[in-house]
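Some notes on the structure that comes next.
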């Protein structure tokens, strides 16, 4: 079935299936407002970090832990994050297993700190490229003896620059979380590939983002960022960088197909899972089946062991 997808460069191209959609959507550097090299103005030079994003979230850092401030919707979403994670662990019959987490784009630590307190968590490494956000997260951490290192460790770094472990090996984790992150990334395909390299076989890559639809443009740009009535600061989102579920699904499917024929750097993935959520004023975030096609949604895929040779 033919379908039209508006790519980030504001042209509409007709794509024949989700795998082609994912390839074109994820491979173009025009998804970034300034391109991959724009991050060089920030403290960390990487392919996934935009200096404009770092600047934007630096301005929000001081209000990160205000439950009624600009990050209010993130505070309200936290319970749904854990509900989604628990559904995945129940699905693979590992609900009682201890896990190590990598929280990418942790901001001020709303999810990371709660995750570190969870009885099923062994440890959390939380990273963010914005120094001001990491400073806020660490200040909040110092007030809670239960989440001191090594239970919870914050690093001002990007995914590409995670340090090796004490033995000089790449650090790997049971769960990698990308909550409200991928729509802010300059190169989504490279970013997901980097994340996959840090995930253990059998581990879960979990995130949340926003579908690119007329509804999401109205709700997240015209309404949510509107002066006076808006619930998030203006400039928080770029609608052209939103990613639809079928585009993400196509990336995972293409990776699995490539791995089956020995493609370099490709990994095998299990079924791609989504869960749509809608913010209802005065009621908070609610799970709404089918809303992943036009608004906010969670997504997840389990990394499978490599094929035996």
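In this note's numbering, the protein residues as written are 11 to 319. By construction, the Cβ of each residue, glycine as well, lies at the ideal position given by its N, Cα and C atoms.
Residue 280 places its beta carbon 7 Å or farther from that of residue 301. When secondary structure is reduced to three states using DSSP, residue 187 falls in the strand class. A residue is called buried once 16 or more other Cβ atoms fall within 10 Å of its Cβ, and residue 158, having fewer, is exposed. Counted as a single uninterrupted DSSP element, the beta strand (DSSP E) harbouring residue 138 occupies residues 131-138. For residue 309, the pairing in a beta bridge is given by DSSP as 217 and 284. DSSP places residue 176 in no alpha helix (DSSP H); its state is neither H nor E.
Boundaries of the beta strand (DSSP E) around residue 114: 109-114. For the pair residue 130 and residue 91, the Cα-to-Cα distance works out to about 14 Å. Taking a contact as a CB-CB distance under 8 Å, the pair residue 221 and residue 307 counts as one, their CB atoms being some 6 Å apart. For residue 294, DSSP records a beta bridge to 290. In the DSSP assignment, residue 204 falls within the alpha helix (DSSP H) that extends over 198-207.
Its chain contains 259, 262 and 311 as the residues whose beta carbon lies nearer than 6 Å to that of residue 282, once the 5 sequence neighbours on both sides are disregarded; these appear in chain order. In this structure the region 133-149 touches the region 104-114; the number of beta carbon pairs closer than 8 Å is three or more. Taking every protein chain shown into account, the CB of residue 172 has 16 or more other CB atoms within 10 angstroms, so this residue is buried. Taking 8 Å as the upper bound for CB-CB distance, residue 217 and residue 189 are in contact here, some 6 Å apart. With a cut-off of 8 Å on Cβ pairs, the region 193-212 is in contact with the region 164-179, counting three or more such pairs. Residue 227 carries a helical assignment under DSSP once its states are collapsed to helix, strand and coil.
Residue range 82-101 is occupied by the alpha helix (DSSP H) that includes residue 83. Checking the DSSP bridge columns, you'll see residue 304 has no partner listed.
Looking only at 231, 317, 234 and 296, the smallest Cα-Cα distance to residue 271 is reached by 317. Taking the Cβ atoms as the reference, residue 213 lies roughly 6 Å from residue 185, within the contact range of under 8 Å.
Only exposed fits residue 232, as fewer than 16 other CB atoms lie within 10 angstroms of its CB. Within the model, the alpha-carbon separation for residue 210 versus residue 313 is close to 7 Å. Cβ neighbours of residue 180 within its own chain (closer than 7 Å, five residues either side excluded): 174, 207 and 208.
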